[in-house]
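Taking the working numbering, the leading residue of the sequence shown gets 2, the next gets one more, and so forth. Read the structure below first, then the notes.
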Amino acid sequence: MGRRRLLRRGWIVTTLTLLALMMVPASPVAANPVVEPVAADPSVVRAADGMYYMYTTADDWGDGQGMHNMSMFKSFDLMDWMYVGDVFPDLPEWHPEGKLAWAPHVLESGGGYSLYYSLYDESNPCIGLATAPGATGPWTDLGRPVFCAQDVGIEGTIDPFVWDDGTSKTMVVGNFRGIYAIPLDGDGAAPVGEPVQIADDRFEGPFITFRNGYYHLFLSAGNCCNGGDTAYRVVVGRSRSLTGPYLDRKGQDLNEGGGALILAGSDPWAGPGHNTVVTDDAGNDWIVYHAIPRDDVTLPSGAQRREGMIDRIVWADDWPDVGDGSPSSTRPQLPDTDLPVRVSLTADDSTTLPENGGTIAATMVVAAPEDQPYAGQVWASVTSPDGGISDPIFGPIDVDLAPGEVYEEPISYAVSADAPNGTYDVYAFAGTFDTDTVEFGALNGVKSGPQMTDVAKRVSAVVWRDGA
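Structure, rendered in C-alpha cells:
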C-alpha cells in the first residue's frame, strides 16, 4: 500500500489552543470497545441511507447530562460511532415517573422504523412501541403498552425481539421466566395468539437470525449486572421453525437445559451479552454486544460500565463461532463496508487529561480503497462537554488519493485549565465540507475534575452538517 504523509499548516485556532505535533505513522485501529462508556443491550439496523444505527438501553453515562432515555448512534463502518440523540428526551405520558426504557429492538417496517422496548416493573413489566419515519426519529410512542406481563400470562416480559416475515409479526420475549414467542397483530401493536415457550428460565435477551433453513436463537444467560464478577454469556440453539424446538450442537433442547456457548468472559472483559447480529457488505456476520472492562467497572454516576463491542462470526456447519469464544478475540478483523474511503483516528498518547488540562493528540489516517481512488475533502472538529462544536481544527483540505494510497495527518487539541470538565470528542471527516460526509473517524478524550473522574468517557453529540 502506498503511503503519503503531508504536514499541513495554517490550522484554525479556536478558543482552546491548538498544537501541532510530530508526524507519527499510523494505521486504522481495529479495537474494542467501539462505543464508550456504555452501550448496553445494543440493537443495530442498516438504514436505507446505507448507514448503521445503534440503539441502547437507558443509562446515566456520568457525563453530567443525567439519564439518557435510550440512546441512538450512527456509523458508516460499524467501528466509529457518533451519538445523535435520545429516543425519548421527554417521557411518554403512560410511563410512570422514573421508569426509563430498556433493551430496544429496532426494525424497518412499512417504510419507517419500529422500536420495541422494555418498561420494567417488578410485578407487571411491559413492552412499549415507538415508530418514526427515519432511523433517528422523531419517535412517536404508541401511547400504551403493546402488552404487559399480566396481559399474556408471562412473568418476564422484557427484552423484546420482533420477527417480521412480511406477512406476520412474532415477538420473542423473556427474562429468566422462560423465553416465549407471541404472535402480534398486523400492526405489531397487540398480541393475537397464545405464547409458545421456546427456551427455559435460564435466559434473557433473545435475538434470531435465519440462515440456510435454520432459525438461530441467540440468548444471554447469567446475571448481566454483577460488575466484574458477572458470568453473563451468549448461547445459541437452532430450529427449522421459528417457534422451535431449538436444539444445541448436541441435540439438547434449550427448553430442557441445552445451549451451545459461543461467547463468555475473559481476563480483560466480563459479562459479554445481550447481542444483535449485523451483516457487512461482504456478507460477513458480526455480533454486536456489551461487555464490562474488569479494570474499570463503574461509571462516575455509579452505574455499571457496559461498553459496546463487536466481533466477527464465522459459520461452520451452520453453527456460529466467535473467535476463541472471548470478547475481542477476532481482532484485528474489520467489517467490510463498501465505502469510498476509510477514516480513522489513533491516539498518540493518553487521552485522559488532568483537571489543569492538557492536549489530545492523534493521527488521522485517510485510506483509499485498494481498487479505486478517492478525491474529496478531509477535515476535523471537536465537540466539547457542553455540546459546543469547534470550527474545523484541521482543513477542510482537498485530497486526491490513488487506489490504496494513505494520507496521514497529526491532529492535536489543547484543553485549557479553565475549559469545562468532561469529554472532548474529536472527529475526522471525509466528503465535501458543509454538504456531504461519506465517512468519519472518532476519538474520545476526557478532562477530569471534582465532578468527573479520569474514567468518565462518552461519545457526545455532534450537530451533523447538511447532507451528512
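For each residue, glycine too, the CB sits at the ideal point set by N, CA and C.
For residue i, name the three-state secondary structure that DSSP assigns.
i: Val153; result: helix
i: Asp230; result: helix
i: Gly238; result: strand
i: Arg332; result: coil
i: Pro34; result: coil
i: Ser449; result: coil
i: Thr244; result: coil
i: Met80; result: coil
i: Leu1; result: Outside the modelled stretch of the chain, which goes from 2 to 469, sits residue 1, for which no answer is possible.
i: Gly432; result: strand
i: Ile412; result: strand
i: Gln253; result: coil
i: Pro370; result: coil
i: Ile394; result: coil
i: Thr360; result: strand
i: Arg203; result: coil
i: Gly86; result: strand
i: Pro113; result: Looking at the sequence shown, residue 113 is not Pro but Gly. Three-state result, Gly113: strand.
i: Pro341; result: coil
i: Gln378; result: strand
i: Arg307; result: coil
i: Pro105; result: strand
i: Ala261; result: strand
i: Glu406; result: coil
i: Leu143; result: coil
For residue i, I'd like the list of residues in its chain whose CB is within less than 7 Å of its CB, leaving aside the five on either flank, ordered along the chain.
i: Glu371; result: Pro404 and Gly405
i: Arg145; result: Trp95
i: Thr433; result: Gly377 and Gln378
i: Asp142; result: Pro93, Gly129 and Ala131
i: Gly486; result: Outside the shown range of the chain (2 to 469) lies residue 486, about which nothing can therefore be said.
i: Thr331; result: Asp312, Arg313, Val323 and Gly324
To which residues of the same chain is residue i closer than 8 Å at the C-beta, ignoring the five residues directly before and after it?
i: Ile398; result: Arg9, Gln378, Val379 and Trp380
i: Tyr121; result: Lys100, Trp103 and Ile159
Short of 6 Å in beta carbon distance, which residues of its chain neighbour residue i, apart from the five on each side in sequence? Order them along the chain.
i: Gly446; result: Thr352, Ile361 and Tyr425
i: Ala368; result: Arg343 and Val407
i: Tyr118; result: Ala102, Pro105 and Gly129
i: Asp202; result: Phe177, Arg178 and Gly179
i: Gly175; result: Gly157 and Tyr181
i: Glu440; result: Phe77, Leu340, Val342, Val344 and Ala431
i: Met365; result: Leu346, Glu410, Ile412 and Ala429
i: Asn33; result: Met310 and Ser329
i: Val88; result: Met71 and Trp140
i: Val197; result: Ala182 and Thr244
i: Asp286; result: Val278, Thr280 and Ile314
i: Leu255; result: Ala200, Gly238 and Tyr247
i: Phe204; result: Ile180, Leu220 and Ala222
i: Asn125; result: Cys149, Ala150 and Gln151
i: Val46; result: Tyr54 and Val107
i: Lys448; result: Leu354, Val416 and Asn422
Determine the direct distance from the alpha carbon of residue j to that of residue i, and round the result to whole angstroms.
i: Val427; j: Asp81; result: 11 Å
i: Ser169; j: Gly194; result: 12 Å
i: Ala191; j: Tyr215; result: 27 Å
i: Asp296; j: Gly266; result: 13 Å
i: Leu17; j: Pro421; result: Annotation note: pLDDT 30 at Leu17 (below 50); position unreliable, no value reported.
i: Cys149; j: Phe162; result: 15 Å
i: Val315; j: Val36; result: 23 Å
i: Phe74; j: Thr58; result: 12 Å
i: Asn227; j: Gly112; result: 40 Å
i: Pro134; j: Tyr414; result: 38 Å
i: His217; j: Gly423; result: 42 Å
i: Gly358; j: Asp268; result: 32 Å
i: Met172; j: Gly388; result: 38 Å
i: Leu108; j: Ala136; result: 9 Å
i: Cys225; j: Asp42; result: 10 Å
i: Tyr290; j: Tyr233; result: 11 Å
i: Asp50; j: Gly442; result: 19 Å
i: Ser382; j: Ile263; result: 40 Å
Which residues does DSSP list as the beta-bridge partners of residue i?
i: Ser44; result: Tyr56
i: Met71; result: None, per the DSSP bridge assignment.
i: Pro423; result: Note that residue 423 is Gly in the sequence shown here, rather than Pro. Lys448, per the DSSP bridge assignment.
i: Val173; result: Phe162 and Ala182
i: Trp270; result: Pro294
i: Trp287; result: Val279 and Arg313
i: His96; result: His96 is not bridged to any residue.
i: Pro321; result: Trp316
With a threshold of 7 Å (Cβ to nearest heavy atom), would residue i be considered close to the ligand MN?
i: Tyr118; result: Although the ligand MN was asked about, the structure shown includes no ligands whatsoever.
At least three beta-carbon pairs within less than 8 Å, the region 147-165 to the region 178-187: yes
Stretch-stretch touch, CB-based, cutoff 8 Å, three pairs: the region 363-382 with the region 318-333: With a cut-off of 8 Å, the region 318-333 and the region 363-382 do not count as touching, because too few Cβ pairs lie within range.
Three CB pairs or more closer than 8 Å across the region 237-250 and the region 270-277: Output reads no: the region 270-277 does not touch the region 237-250.
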